[in-house]
Structure formats: C-alpha cells, structure tokens
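Everything in the sequence shown is counted per the UniProt record's numbering, starting at 1 for the first residue and increasing by one. Just so you know, even glycine gets a beta-carbon here, dropped at the ideal spot from N, CA and C.
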Amino acid sequence: MDYTTATIKEVSSMYNADEENVCRICRNPGDADNPLRYPCACSGSIKFVHEDCLLQWLSYCKARHCEVCKESFSFSPLYAENAPTRLSFTEFAVGVAMKARNSCLPRLSLVVSVWLLIVPLVTFRMWRLFFLRCFGEEAQRLLLSHTFITDCLFGFILSATIIVILRGSTSLRDDYLRHLRYFRHLRVSLYGMIGMEGPLFHLVENAFSVMASNMIFLGAFIFVPFTLGRVILYGLFNGYVTGSSSTRYDVTTLSVGYIFIIFLIFLYLGISWIVGTVSLPLRQFLEAMRIGIRIVTIMVLEFGVFPLIYGWWIDVCTVTMFGQTMSNRLQYLSVSPLVSTLVHWVVGTIYEWYISICCDLLRQVLRPEVLYCLFGPEDDMDEAERYIFHEPVHKVARDSFLASAQIGSSIVLCLFLPIQLAIWMAPPSIFPLDISVSDPFTEIPAGIVLLTTFTPFIIEHFRFQTTAVSLLRCWCTCVGWSKPEDNVGQENVNGEPGRQDRAQVLSILLVAWVTLLLVYSTLIVVSVSLGRYLFNAIPILPITHGIKCNDLYAFFIGMYVFWTTISGAMCAVQHVKSERTSDLFNQMLKLCGIVIKSLVILSIWVLIIPVLIGLLFELLVIVPIRVPVDESPIFLLYQDWTLGIIILNIWTRLIMDDSWREKFERVKEDGFARLEGLWILREIVFPVLMKLLTALCVPYVLARGVFPMLGCSLVVNSAVYRFAWIGCLSVSLLCLCAKRCHEWLRNLHNSIRDERYIIGQRLHNSGEETALAIKGKPKQ
C-alpha cells in the first residue's frame, strides 16, 4: 500500500514538473534575471531554454540553428549605455589603427616583399654576377635603381623556372617516389610554406633555402660551364671572346663549357669502364646526368625537331596546291626565320595530333593484335618509362626514326597524292588555293577564336567521332565480304604463312589506301567548292565591307556542312531501317524547331552582341586616342565584331561571376534537345543586350541631343562627342567606387563601434521581430 502511494505521488510530481516551464538543457525554471525563451518552433518539454544555456551549447556544437526543427536562432546585439550612433573622428582613427595592427596586413607585406622582391632580386643579381667580366662595371649596374623592377620580374621568372626544374628532376628518382608514398599523409599548407602561417622563423628559413638552392643551381649549371667556356675560348682566341659583351658570345661560351663537361663525362665513363673503379656516389650522379640528358634529348626531338621536320615535309608536299615554289618558301624563311619556323612547327604538331586521333579511331574498330605496333594510352606506363630510361640509345633512336619515317610516308600517301589527284580531276578555277589574309590583325585573331571556340562545340554536338567510327566499321564490313572463307579452319603447311594470306593483306592495304586517296581528294574539291560558294555570301553583308574570301575558312565551312550532311543522312537511314518513319518525321519537325531557336539565339549572341561590344570598345578606347577632334571616325564593323568576339570569350572564360556561370552551366546541361529559348533570351541574352545598348545610346543622346542645346561651338561639340563614352564610363566608375567606399567605411565604422561598445547579445523568441536591441539608446 505504501509502495503504491509513493508511486502515485512520484508520477503526480513528474506530471506537475511537466506542466511547469523549464529549460530544455538544465531543466530549471526561469526567473526575473534569467528568463526562459522559446527561440524555435519546438514545443512541449523542449520549447523553453535559458539564453546562457543555449549560448554554451551553441559554442560547444558550433551551430546556429535548432537540431530538432532546424529553425535558425536570431540574436541582436546589446550596446552599453554610452554607445553613440556615430563614432567621433578620434575614436574612428584609433580603431582603424588597432585593426591594421591586429590584421595580417603587416605579415602579408613582409611575405610579399620577401618572395616578390628580395628572393627574385638576389637570384637575378647572382645570375648577372655569374656572367661578370669587369667587377667595377657590374658594381655600378647593381646600384642602378631604374632596373629594380625589371630585375625583380626576371628574378621571379628565373626562380620559378629553377623550382620547376628541381621539382621535376627529383620526381624522377625512385627513392623520392618511395618517400612520397611513405609521407603521403603529410600535407604542407601553402600558407605555411610562404610564411603566412606559423612562426616567422619558417619564412626566413624557407626564403634562405630557396635562395641557397637557386645559387647552387646557378653556380653548378651556369657559373661552372661559363667559366670553363671562357677559359677554353681564351686559350683558343686569345681573349677576344672574353672581352666581348654580346649576348651571343655569352651563349657561345656557355655552350662550349657544356660541350667540354659532356666530353669529360664520356671520357671518365670510358676510362672507368676500362678500369672498373667507379665509386658508387659518383656512379649514381653520372647515371642521373645520363638520364637527364637522355630525357631532354628525347623531349627536344619528339616535341621540337620532329614536328618541325613534319611541317616542312607537309609544306614540300602541298606547295603546288597554293601555286608556290620552294624558292618562295626559302626566301620567306630567310626574311622571317622565327615566324616561318613557328608556323611549320605548329603545322607539324597539328598533323601529329591528327595521326593520334586516327589511331584512336582505329583502336575502337580493329582488334589490338592488328595494331600491335601502336602505343596507346591503355598501355603500361611503367613499361613505357622502362623503355625510355633503360633501353639502349640506339634502339630508342631507331624506333624514333622509324616512327618519323612512317609519319613522313603517311604525309606522302595521305596528302601529296590526294592533292595531286584533286588538282588533276578538279576544274581549273579551284586551284591554286588562296590562304592569304587581307587584314592580319583582324582575321588571324578571329580565326583563332572561332577555331578554339566552335570546333570543340561542333565536335561535341555533331558526334564526329561516332560518325567516323560508324563509317570505318562499314568499310571494314564491306571489305570483309570480299574475303573468301574457304580456307577458314585450314592450317598452313610447316607453320609458314600462305601466299594467299599475304596477297589478301596486301590487297586490303591497297584498297584502304585507294579509299583514303579518293576520300581525301573528294573532300578537298567538294569542301573548297562548297565553302567558297557559302563564303561568297559573306561580303554581301553590311558589316563586312567586302571581306576577301579565304580558302582555309572555305575549306572548314565546307567540311562542317559536308560532315553535317553525312551525319544527318546516317541518322535518317537508321530511323528508316528501324521502320520508324513517323518517328523520323516527328524528329525532323522537332529538329527544325530546335534549329530555328538555336539560329535566333546564336545570331544575337554571335553576331549582334560582339558587334556592340567591339563598337563600345572602339568608342571608349580607339576613337579618343587615334581620331582627331576635327575628323569623323570610320567604323569597320567586321573589325568590331572580331574584337567583340575576343572580349566576349575572355569574359565567358575568365571574368564572369558565379551567377552567370550557373546560367551557362544550365544551358550546357540542357543541350540542344531541351533548349529553353525564352529562358535564355530572358536571363542571358536580353540583360547583356540591354546593358550594351544603354552604354552605347546614353552617351550618344547626351553628346548629340542634350549638349548641343547649350550653344557651344562645333569643335567643342565634336570633342564632347569624342569623349562622351569615356566620360560616362568615368562617371559610372566614380559613382561605383564612391558607393563601395561608403559601404566599406560604414561596415568598418560599425565593426569598430561593435568591438568597443557591445556588451552582449539578446536571444529573440520565435516569430519575434529581430530589431536592434540596445540597452540605453546610443547617443548622437
């Protein structure tokens, strides 16, 4: 009975405690000094909480919202009784000084001065000292102040180059790779490396380490070879080269020193191989030098010499197509050797890239056994590294020259012979091709921008790779039908391949080459003819001013049209084979709608907006600088379009903010099939178009409509018209800077006042208006 009564009393007391408002954390009721609050939407026994308890819990869990209902807690600051609304000038100045002292600005200045001034300056001065001839002259040059900035710039480039070389050379060592795997869990912060974090001793230590490594590198790879070269040339030419101050002789002296060092290394290796007394550390050093020289030689050959040779060989094989001779090419080489070499190297590199693409397409169709001689990205990289590092030099050289011979043969088979066939079967009006430019400063940048922008876009959306693989499969299937299957399962006598198999292989190779010959010749003739026909309509446009047709652009335009036609025909054939004619008709209607929407959007984005951007840039920069006040400017809209295309690409790739980037990402994710034309016009095209029209029209109205009402002279009105756009831009920038400075000063003032006069913060109940709660209104 007593037990039952006690249980009833306990349950009754618990019920009464639940009826009373208590804190959800400490389970105590509120009082006048520490009342209970209900800061979120929770109810029941967890509705109320003390402000102090909640602050302690939030400081522990690092959150600003309720973990149950996810509603954010709202606080407002509590100010002291004497808190002013606006600080005095003295208080504001003292607060700014205290913030500057407590901020990272002094340390940032120290870090910037160390890594961008001291280290580069010391490195570049050491570079110049290593080429020293007369110490008195160099001492005077070191004291010159007008070379300080250039010395720092060149020193920074030199230091970065040395760091990259040292990092790359150490990454080739096996023990470095083992240590890297062992210490993979360690992560060195960039701020810690440059000295923004941690003690200042680390900044000094890292700076001295970098300067010491730079000096050692320059001493080992510059000073020692240069000194040896000077000594050798002094003995050969009796000091003539040493006394010269030309950069050419510095390079000659350095090259002679390196040649002498390489000669000494090979001499020592030969003697040591005979004697067999090479010490282990020296052997490791010489082995590292050997691998380094080998890698540099292979890189120079593969990425420098061979592409240049391919470019010249392509020029030799295609020179008749342009109506030129090799004497003209050699004359141009003698006039502009750097430009000619660069152009031929780029052409050779592009052809190597084209060969690699063709090999990838072949790998997708043929079996790996057929292409055993080709090295693919799926091959073992360790095997490739072993081949480069450890195979005999003569074997690597033999394979490299055989590969270059194969590419040279492909140039003859795939370029020279198709071009000769195209010249033979084409009408006389097509050849020679004309790829000269009438305005290099306009057409070359426009061509580069269009090539780098639209080519990946077209390749991605028109599925060039899929179409090429399908055509290659069809060709292999058709050629395979012609092969007889009578000898399937039969074995050759004595394991020797039969003559019939050899004949079939040779016949397949011959058919493949004839197919390529016909396809390439047809592509050249058809693409150039079609491209010229379409390109001749461009000079009719009012913005072009009769721009001359370029056969290179005509070839690419014809190729795109030709390839689009083939892709569309293959898609139509697939739909017809699958007996979906109605589906094909619906797809064609849908595609027509998508094409119309795309043409409208692209015509505005690719034609109108670049013209407006280029015109605005010309009115802002070019006209005030180049056009006199008493002359009228002449606008070439195709030049403005080229300039606008370049600026638009720079903005879309580098400068645009996150909001614009999200819009472009959405358009890219939707693609052509789900293109939202109205949304693109409303969110992307029209805002850009309206801003450009406003920037163009407002200064024009002010200069031509408003200012002439003041009755000024014609010269003054013309000057106002010249500088109207740059004046409006200056006023807009001043207003923007004033607004930003006002916001920055207001935030700085409020932060200084809050640090000085805030004594706490007040927790608001759920649904309560979060007005500024101050204890004692700030005094004016």
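Give me whichever residues DSSP pairs with Gln406 in a beta bridge. Under the DSSP definition of a beta bridge, Gln406 lacks any partner.
Can you tell me where the alpha helix (DSSP H) holding Leu643 begins and where it ends? Here the alpha helix (DSSP H) through Leu643 covers Leu637 to Ile650.
Check whether the Cβ atoms of Lys47 and Tyr60 lie closer than 8 angstroms to each other. In this structure, Tyr60 does not lie closer than 8 angstroms to Lys47 by Cβ.
Answer yes if the segment 608-618 comes into contact with the segment 699-706, meaning at least three C-beta pairs across the two stretches below 8 angstroms, and no otherwise. Result no; under three Cβ-Cβ pairs closer than 8 angstroms.
Could you spell out where the beta strand (DSSP E) holding Leu763 opens and where it closes? Its beta strand (DSSP E) spans residues Ile758 to Leu763.
Looking at Val316: is its Cβ nearer than 8 angstroms to the Cβ of Ala422? No, Cβ-Cβ distance for Val316 and Ala422 is not below 8 angstroms.
Nearest-angstrom Cα separation, counted from Phe401 out to Lys395: Distance between the alpha carbons of Lys395 and Phe401 is about 10 angstroms.
Between Leu681, Phe201, Val49 and Leu471, which lies nearest to Gln364 when the distance is taken from Cα to Cα? Checking every option, the nearest Cα to that of Gln364 belongs to Leu471.
What does DSSP give as the partner residues of His742 in its beta bridges? Answer is none; His742 lacks a bridge partner.
Just list the alpha helix (DSSP H) runs in the segment 305-376, keeping only unbroken ones of 4 residues or longer that don't cross its boundaries, in chain order. You should have 306-318, 326-335 and 337-365.
Let me know the secondary structure DSSP gives His38 once reduced to three states. The sequence as given places Tyr at residue 38; His does not occur at that position. Coil, per DSSP.
6 angstroms Cβ shell around Ala80 - same chain, five flanking residues per side excluded: A distance below 6 angstroms between beta-carbons, with the five flanking residues on each side excluded, links Ala80 to the following residues of its chain, in chain order: Tyr757 and Ile759.
Give me the DSSP bridge partner(s) of residue 781. It is not possible to answer for residue 781, since the shown part of the chain is limited to 1 through 780.
Count the other C-beta atoms from every protein chain shown that fall within 10 angstroms of the C-beta of Phe148, then say buried if there are 16 or more, exposed otherwise. It is exposed - the Cβ of Phe148 has fewer than 16 other Cβ atoms within 10 Å.
Determine the burial state of Tyr354: buried for a count of at least 16 other Cβ atoms within 10 Å of its Cβ, exposed for fewer. Flag for Tyr354 reads exposed.
Spatial neighbours of Asn34 in its chain, beta-carbon cut-off 8 angstroms, leaving aside the 5 residues before and after: If we look at Asn34 and ignore the five residues flanking it on each side, its Cβ neighbours are His50, Glu51 and Asp52.
Can you tell me whether Val701 is buried or exposed? The criterion is at least 16 other CB atoms within 10 Å of its CB, across all chains shown. Counting of Cβ neighbours within 10 angstroms places Val701 among the exposed residues, the total staying below 16.
Helix, strand or coil at Val629 [DSSP, three-state]: The three-state secondary structure of Val629, taken from DSSP, is coil.
Consult DSSP for Pro84 and reduce its assignment to one of helix, strand or coil. If DSSP states are grouped into helix, strand and coil, Pro84 belongs with the strands.
Using DSSP bridges, identify the partner residues of Cys50. First, the residue type needs correcting, since residue 50 is His and not Cys in the sequence shown. Answer by DSSP bridge pairing, in chain order: Leu36.
Do Val114 and Val203 count as a contact pair if the criterion is CB distance below 8 angstroms? Sequence inspection shows Leu at residue 203; the Val mentioned does not correspond to that position. Yes. Within cutoff.
I'd like to confirm the pairing. Which residues does DSSP put opposite His65 in its beta bridges? Within the DSSP secondary-structure output, His65 pairs in a beta bridge with Ser72.
Helix, strand or coil for Glu391, going by three-state DSSP, please let me know. In the structure shown, Glu391 sits in coil (DSSP, three-state: anything other than H, G, I, E or B).
C-alpha gap between Val600 and Gly192, whole angstroms: Cα to Cα, Val600 sits roughly 53 angstroms from Gly192.
Can you give me the Cβ contacts of Gly243 inside the same chain, cut-off strictly under 7 angstroms, excluding the 5 residues immediately before and after it? At Gly243 the pLDDT is 46, less than 50, meaning the model places this residue with poor confidence and gives no usable figure here.
Is Asp754 helix, strand or coil when you go by DSSP? In the structure shown, Asp754 falls within a helical segment according to DSSP collapsed to helix, strand and coil.
Considering only the beta carbon of each residue, do Gly531 and Ile557 sit closer than 8 angstroms? Yes, the Cβ-Cβ distance between Gly531 and Ile557 is below 8 angstroms.
State the DSSP-derived secondary structure class of Ser713, mapped to helix, strand or coil. In the displayed model, Ser713 falls within coil according to three-state DSSP, outside both helix and strand.
Report the CB separation of residue 796 from Val561 in whole angstroms; it is logged as a contact under 8 angstroms. With the chain running from 1 to 780 in the structure shown, residue 796 is simply not present.
Reduced DSSP secondary structure (H/G/I, E/B, other) of Val22: In this structure, Val22 counts as coil in the three-state DSSP scheme.
Tell whether a beta-carbon distance below 8 angstroms holds between His65 and Phe75. With respect to the 8 angstroms criterion, His65 and Phe75 are not classified as neighbours on the basis of their beta carbons.
Going by DSSP, what residue range makes up the alpha helix (DSSP H) through Asn214? Start and end: Leu200 to Leu218.
Beta-carbon proximity list for Ser159, same chain, < 8 angstroms, skipping 5 on both sides: Closer than 8 angstroms at the Cβ level, and outside the excluded window around Ser159, lie Val119, Pro120, Thr123, Val210 and Asn214.
Thinking Ser322 and Pro428 are a contact (beta carbons under 8 angstroms), I'd like their distance in whole angstroms, please. In the sequence on display, residue 322 carries Phe and not Ser. With a Cβ gap of about 15 angstroms, Phe322 and Pro428 do not count as contacting.
Sequence-distant residues of the same chain with beta carbon closer than 7 angstroms to Val667, five excluded per side: Spatial neighbours of Val667 in its own chain (CB-CB distance under 7 angstroms, excluding positions within 5 residues in sequence) are listed in chain order as Ile680.
Where does Ser529 sit, in a helix, a strand or coil, going by DSSP? Three-state result, Ser529: helix.
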